[in-house]
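Numbering (this note's numbering), first residue to last: 146 to 308. One structure is given below, encoded as structure tokens.
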């Protein structure tokens with residue numbers, strides 16, 4: 146499934162880009178709805194770019210049918226990204242720690258300017274390899290992604306005021 150999600154931000158594009166590669170920003174997120182505090186695994190600065198790996202842990206409720214095939218304790222994944230500052234975009238891929246045979250996700254996010262504020266646009270491809278319910282799984286993940294982006298945008302505005 147190809148997807149695109151747009152999230153207006155309360156900060157400038159420069160502030161948004163800076164936050165996405167700052168370990169202090171991820172630490173400031175704390176536990177969000179359905180996702181625990183992100184763990185920055187590595188940051189590597191390169192010429193005009195930053196490589197970043199961040200681990201996430203699902204902490205939300207799984208319906209009984211999902212729990213029959215998924216262990217909530219094993220719902221962890223790493224997002225690897227490369228932020229290209231001159232292009233105001235990052236390529237990413239999601240690497241599940243468990244269930245890698247059941248889920249694939251990659252794409253890019255970019256920061257566009259909208260006056261003095263930024264808009265984050267994420268586009269990518271998501272594939273769930275689960276017989277019969279793949280579409281429902283993909284839709285549920287995208288709903289969670291939209292919720293996460295909205296919550297992260299609010300926290301980004303607060304973080305930028307104190308950073």
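We put the beta carbon where it would ideally sit given N, CA and C, even for glycine. These numbers come from a predicted model, not from an experiment.
Unbroken alpha helix (DSSP H) run spanning residue i, endpoints
| i | result |
| --- | --- |
| residue 171 | 168-174 |
Start and end residues, beta strand (DSSP E) containing residue i
| i | result |
| --- | --- |
| residue 252 | 248-259 |
| residue 201 | 194-202 |
| residue 235 | 234-241 |
| residue 185 | 184-191 |
For residue i, the nearest candidate out of the options (CA to CA)
| i | options | result |
| --- | --- | --- |
| residue 254 | 282, 262 and 294 | 294 |
| residue 162 | 283, 182 and 197 | 197 |
| residue 200 | 178, 224, 301 and 177 | 224 |
| residue 304 | 247, 151 and 160 | 160 |
| residue 149 | 240, 222, 157 and 268 | 268 |
| residue 270 | 258, 284, 257 and 277 | 284 |
| residue 147 | 240, 299 and 286 | 286 |
| residue 195 | 233, 175 and 204 | 233 |
| residue 301 | 227, 288 and 262 | 262 |
| residue 276 | 264, 207 and 246 | 246 |
| residue 190 | 272, 219 and 168 | 168 |
| residue 151 | 240, 215 and 256 | 256 |
Where residue i falls: helix, strand or coil (DSSP)
| i | result |
| --- | --- |
| residue 154 | coil |
| residue 229 | strand |
| residue 295 | helix |
| residue 221 | strand |
| residue 282 | helix |
| residue 263 | strand |
| residue 288 | helix |
| residue 165 | helix |
| residue 301 | helix |
Rounded separation between residue i and residue j - CA only
| i | j | result |
| --- | --- | --- |
| residue 291 | residue 166 | 20 Å |
| residue 193 | residue 202 | 30 Å |
| residue 279 | residue 173 | 34 Å |
| residue 249 | residue 187 | 21 Å |
| residue 252 | residue 307 | 30 Å |
| residue 242 | residue 222 | 5 Å |
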